[in-house]
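Residue numbers (my numbering): 19 to 540.
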């Protein structure tokens, strides 16, 4: 978009031009928070300067792709007097389609002026619905950014949400758009590899740390008599995240599983160095590590539920697969695979006495007795089914526990698909891609259950894993994540924002509290 076309992108929301009619009701203006206004202005400045922008958003921010696209469409219409902009949006959230249909320009549905369109696998656009007010504008909503590639020349802006693009696809889009077409990339992962892609193309990264979220919860516009709520994150959610407490339960002196997983972690680091020429094998190895490290029930119990899905990794076949990799490797790579297979055998054997199950039962019992709602996060749907069955079958678990504690997946929480404002419990080390659940918690409290001090300190249980494939350290070392985020300089915006800093200053702001506790009880 030209500079004049994008100027006022944030004003479309702050002034009440862009509205929302929830559930088909009367359109009402938004009640933007300071964070809403800051995100909109950052996108405004990036689009004006034609600089690629990546934004690291809290996990509870879900409406950003569509709202940014709609704001850009309205801003362009105000500049040239015609609602004929063409914006591309890549997002895996199906709810984004319904959200766009609820947005309105003043009191008229935006979709009546700028219809929503999809892009077929062949790259052909197809308009959804018909309207007599159609002026030629389009908002293309697709689940894969690759489908937007044939349309780039006609687009005036591209909004990409994490999950809708691989690193290679994002790089291809940014190479083609260059400084001609504004592009915004949204992610909830502070370690997203896409951030480096944006930086490598001359773009900047915008983010917040926990310290500033409470300060950004205030209103950005004069309150109205009736409104449809915040644009991206409710003020109460921002305040809860800013004051969030992360508790870590680390049994002392540690369990056999803790020591076995530490050996497996080290073996995986050695495997990366020995098998660097074949990234597929080490990536599988780290997936296997996370599977063994994060499942809170016995391996045989988990496999009962994973066996129904042919695409699920079964714990009982991991050692066999690792030895299969070793048979097809040579030299130091073969030795590294054999060491990894042996360490994996020890870890799965230690997991048969699963200490995490007792932790979970104690924690669930405490929540039920206190009458406190809570959500337990596990790795995937198979783990959720296995944990639910284990808790239900245990004679130590209170009857009706599921009415107080919900079992959900980590992915659901990262996509804000869990009940807001409810305390969370996480088992073990989170993959790097989900570390935002600890750096910017979407809940007032997060409890992390570890199986010992090695998991707490050596494997970065307090904040995910460092750089590498799926949570693995790139150099085989040990890393942790600080509860902070950074904002790269480069955007022509005000620098008096709370909590945002330039890179290279060597200081991370911390907020909230993190406590460590011994014992099994959460």
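Glycine included, every Cβ here is placed at the ideal spot set by N, Cα and C.
Stretch-stretch touch, CB-based, cutoff 8 Å, three pairs: the segment 363 to 380 with the segment 271 to 281: yes
Cross-strand partners of residue 203 (DSSP beta bridge): 72 and 178
Residue 160 and residue 107 closer than 9 Å at C-beta: yes
Whether residue 364 touches residue 417 by CB criterion (9 Å): no
Minimum C-alpha distance to residue 40 - residue among 247, 349 and 187: 247
Residue from 361, 182, 352 and 353 whose Cα sits closest to the Cα of residue 336: 361
Exposure of residue 151, with buried meaning 16 or more beta-carbon neighbours within 10 Å: exposed
Residue 375 versus 210, 343, 409 and 295, residue with shortest Cα-Cα distance: 409
Nearest to residue 426 (by Cα), restricted to the options 400, 446, 439 and 253: 400
Distance CB(residue 319)-CB(residue 394) smaller than 9 Å: no
Reduced DSSP category for residue 468 - H, G, I as helix; E, B as strand; rest coil: coil
For residue 28 and residue 58, believed in contact at Cβ under 8 Å, the rounded distance: 4 Å
Separation of residue 110 from residue 139, as counted between CA atoms: 15 Å
Continuous alpha helix (DSSP H) assignments of at least 4 residues falling wholly in the segment 206 to 272: 211 to 218, 228 to 231 and 253 to 260
Sufficient close CB pairs (3 or more, under 8 Å) joining the segment 251 to 261 to the segment 339 to 357: no
Cβ contact check for the segment 196 to 203 and the segment 123 to 136: 3 or more pairs under 8 Å: no
Beta-carbon gap between residue 465 and residue 264 smaller than 9 Å: yes
Three-state secondary structure assigned by DSSP to residue 393: strand
At least three beta-carbon pairs within less than 8 Å, the segment 294 to 305 to the segment 378 to 394: no
Rounded separation between residue 91 and residue 135 - CA only: 14 Å
Reduced DSSP secondary structure (H/G/I, E/B, other) of residue 106: strand
Beta-carbon proximity of residue 158 to residue 167, cut-off 9 Å: no
Alpha helix (DSSP H) segment containing residue 402, residue limits: 399 to 411
Rounded separation between residue 115 and residue 85 - CA only: 11 Å
Cα-Cα separation, residue 470 to residue 73: 35 Å
Spatial neighbours of residue 35 in its chain, beta-carbon cut-off 7 Å, leaving aside the 5 residues before and after: 92, 123 and 124
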